[in-house]
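Chains as they are written, first to last, in this note's numbering: chain P, 14 to 349; chain U, 2 to 290. See structure below.
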Amino acid sequence: MLPRSTQGESGTGGQLATIPQEPTPVPSSILQAKYTKVRKGERSVYWMMVPALLLLLVLVALPFLLSVYTSLTRLNQYTITDWLRAPFIGIDNYITAIRQGNALGASALQSVFVSVAFSIGTTVLLTPIGIIAALLVNKPFTGRRWIRALFLLPYITPVFVNAITWRLLFMTKWGLIDRTLGFLHIASKQTLWLIGPHSFWAMVIADVWASWPFLYLMVLAGLQGISDELYQSAFIDGASRVRSFFSITLPMLRPILGLALLLSTLNHFNNFTLPFMMFGTPPSPSADVLPLNVYVTSFQTFNFGLGSAMSIITLILMMIPAFFYIRMLRLGEESA
Amino acid sequence: MRTSSLRAEHRFWNTLRRILIVIFLIFILLPIGYVILISLTPDTQVGDGSLWPTHLAWGNYVKMWQTIHLARDIRNSVIISGFAGVIATLIALGAAYVLARFKFRGRRVFLLSLITMQTVPQVMLLLPLFVIFVIIQRTIAVQMVGQYYTVVLTYMTFALPFACWLLLSYMANIPLELEEAAAVDGCARLGIVRHIVFPLILPGLVVAFVFSFLLGWSDVLFASVLTNGGTQTVAVGLQAYVASGQAGGDVFWGQLMAASLTSGIPIIIIFLFVQKYIIGGLAAGSVKG
């Protein structure tokens, strides 16, 4: 196959799990692209993006507007057949969402706390793991390509498989976790991990296991961008490796780490599959993340209006990290 | 003196690295190994405290095809994810070409909304889409829920922005000069896309397809609401095992693990084949993580 760009692959090219030369995950090259014009006598080429535009309008923009509307109505299984005549109740759904839980679980407000704690907690836990893993395989050694490929294994396994795996590992009494902890006399062999307050931690641990390779990949890409000369001159100045790490590696990684942490937070906030497959529905309130709560409210208690209101709340919360993410992509600078 | 201490230091770090790599491998492989072990354990022995089964129950890998409709579910997953991948990739190609090559009013808004769409919680779109499908069903009596095309269509909500974004970064790396040269030679625009852009972006298309396929394969949310017994994907199918446990029955853990492994392995094989291209794509289009 043809090379994907005019730049060659890096020196490790052709290996398993190669990180291509361009280290930034931000496709900043989009911003530096050369533009062309529709040539004279040529019919417009803009039709080529019409299918995408149309689909996205119908599948994203329209549902979004509908969602805003339904969040203001009492839409449920009785009124859905005649949804336009569903009683308009203003912001009642939003008040209900914050004040009380649905019949099966936590209130939206509690779910917000669970989701925020979950996305920040996993990110904090998986960051050092990802950095250490990337440092381990950054320099060549025999068997590195296999190690690199193996490091990605949790990440490429479908999330629902991971969730089922961890459901098994966390089974009370005979699951591997309870067995090990009981054997080491750290915790009771009868600890309930999948229901009750511990389920939050079960979810965090499973998610850290499944998604640390994302950070590892980002850091690995970032490490490729750091010139060896920096380390050589630091070495000549007598700096230790630990010192070089804190004075060179970490500062140089800062932009990519910032982006990775942001994306990790965003992704984890939206994670539905893992808790859904791990705990089933309804989950215990301490693992009732916001997307799961919206799902149960909408499709199990059929309170579509309340579900919409909760998903709007989710979106508003997501806008905070998303705003920083878009800022970091620096899309605004393309006019330069 | 300095050399020998350097060598000692070098040895120290090498040893540390080896130890850490082993710890990592245990961390990664232990859960997977346990799953493989349970998948070969007879159901009667799963819960009784002994770690090693007295005999290997290969039968789990046979019985799972009968307990749930595993083959049908895998076929559904292949059909749905495959179509979603192909359609998303082809439609994204046109959009990415225009976005990468032409400056026009609204371009920046389009780019921004592509990113924003990838951060929108899927459950937020599912609900109104479900309402829309129900309305269509009522008004023109066309069954929507439970059809392949409905699910494929909803997968566009995440596959299309993702594929656009991914192809954009590939497109920006194709030198414009090649296209200009072809234009000077009198090649029409579609001819340029067909003969110049397409071959150069082929690796990008492969990555876009594979990722859209993987995203579709892993989806549980849309499939659990929009499929029915006949069209359910493998992820939804596996839930039948778990649900039987929640209903008070016994969970066939051995079979469930065998089936989980079976449904994860196609993805891992695909990944191994195309991973040379994919790692860059992982980073480039990393919004979906």
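C-beta atoms are modelled at their ideal positions from N, C-alpha and C, and glycine is treated no differently.
Interface flag, residue i vs chain U, CB-CB below 9 Å
| i | result |
| --- | --- |
| P:L279 | yes |
| P:R112 | no |
| P:P141 | no |
| P:A335 | yes |
| P:R256 | no |
| P:R98 | no |
| P:M2 | Nothing can be reported for residue 2 of chain P: it is not among the residues displayed for chain P, which extend from 14 to 349. |
| P:G238 | no |
| P:F154 | yes |
| P:W187 | yes |
| P:M62 | yes |
| P:F164 | yes |
Exposure label - residue i; buried when at least 16 CB within 10 Å
| i | result |
| --- | --- |
| U:H11 | exposed |
| P:Q203 | exposed |
| P:P304 | buried |
| P:L135 | Leu is not the amino acid found at residue 135 of chain P; the sequence shown has Thr there. With 16 or more other Cβ atoms within 10 Å, it is buried. |
| P:E242 | exposed |
| U:F25 | buried |
| P:Y91 | exposed |
| P:T155 | exposed |
| P:I104 | exposed |
| U:V99 | buried |
| U:T234 | buried |
| P:T170 | buried |
| U:S225 | buried |
| P:L189 | buried |
| P:L263 | exposed |
| U:D186 | exposed |
| U:R102 | buried |
Reference residue i, options the options, closest by Cα
| i | options | result |
| --- | --- | --- |
| U:A85 | U:H196, U:F212, U:Q123 | U:F212 |
| P:I339 | P:V137, P:L189, P:L279, P:T262 | P:L279 |
| P:L275 | P:S240, P:T109, P:M231, P:R256 | P:M231 |
| U:Q67 | U:A241, U:I20, U:P267 | U:A241 |
| P:I208 | P:Y308, P:L67, P:I108, P:P295 | P:P295 |
| P:P298 | P:I326, P:W214, P:I249, P:L236 | P:W214 |
| U:Y35 | U:L273, U:A259, U:F272 | U:A259 |
| U:V252 | U:I22, U:L21, U:R8, U:I39 | U:I39 |
| P:L233 | P:V81, P:V150, P:L163 | P:V150 |
| P:S84 | P:I142, P:A335, P:T310 | P:T310 |
| U:I271 | U:T55, U:L57, U:V79, U:I29 | U:V79 |
| P:M291 | P:A322, P:P226, P:T178 | P:T178 |
Residue i at chain P interface by Cβ criterion, 9 Å
| i | result |
| --- | --- |
| U:K104 | yes |
| U:T4 | no |
| U:Q256 | no |
| U:M65 | no |
| U:M145 | no |
| U:V153 | no |
| U:Y90 | For the record, residue 90 of chain U in the displayed sequence is Thr; it is not Tyr. No - not a single Cβ of chain P is within 9 Å of the one on U:T90. |
| U:F274 | no |
| U:G231 | no |
| U:S213 | no |
| U:R190 | yes |
| U:V288 | Low confidence applies here, because U:V288 scores a pLDDT of 41, under 50, leaving its location unreliable; read the following figure in that light. Yes, contact with chain P. |
| U:A96 | yes |
Distance, residue j Cα to residue i Cα
| i | j | result |
| --- | --- | --- |
| U:S5 | U:N15 | 15 Å |
| P:G271 | U:I141 | 50 Å |
| U:V124 | U:T158 | 11 Å |
| P:L75 | U:I27 | 48 Å |
| P:G238 | U:F210 | 28 Å |
| U:L191 | P:H281 | 41 Å |
| P:L165 | P:F317 | 39 Å |
| P:R161 | P:Y229 | 10 Å |
| P:A130 | P:N306 | 15 Å |
| P:L182 | P:V221 | 14 Å |
| U:T155 | U:L215 | 15 Å |
| P:S260 | P:S240 | 14 Å |
| U:A89 | U:L168 | 11 Å |
| U:V153 | U:R8 | 59 Å |
| P:F101 | U:G147 | 30 Å |
| U:R108 | U:R76 | 39 Å |
| P:I333 | P:L342 | 15 Å |
| P:I218 | U:W166 | 31 Å |
Beta-carbon neighbours of residue i, restricted to chain B and to distances below 8 Å
| i | result |
| --- | --- |
| U:Q148 | No chain B appears in the structure shown, which is made up of the protein chains P and U. |
* In chain order, which alpha helix (DSSP H) runs of at least 4 residues are fully inside the stretch 128 to 191 of chain U? -> Secondary structure in the stretch 128 to 191 of chain U: the alpha helix (DSSP H) runs of 4 residues or longer, each lying completely within the stretch, are 149 to 172, 177 to 185 in chain order.
* Asked: Of all the alpha helix (DSSP H) runs that stay within the bounds of the stretch 54 to 87 of chain P, which reach a length of 4 or more residues?
  -> List check, alpha helix (DSSP H) in window: 63 to 69, 75 to 83.
* Whole alpha helix (DSSP H) runs in the stretch 73 to 107 of chain U with 4 or more residues, listed along the chain? -> None, since the stretch 73 to 107 of chain U contains no complete alpha helix (DSSP H) of that length.
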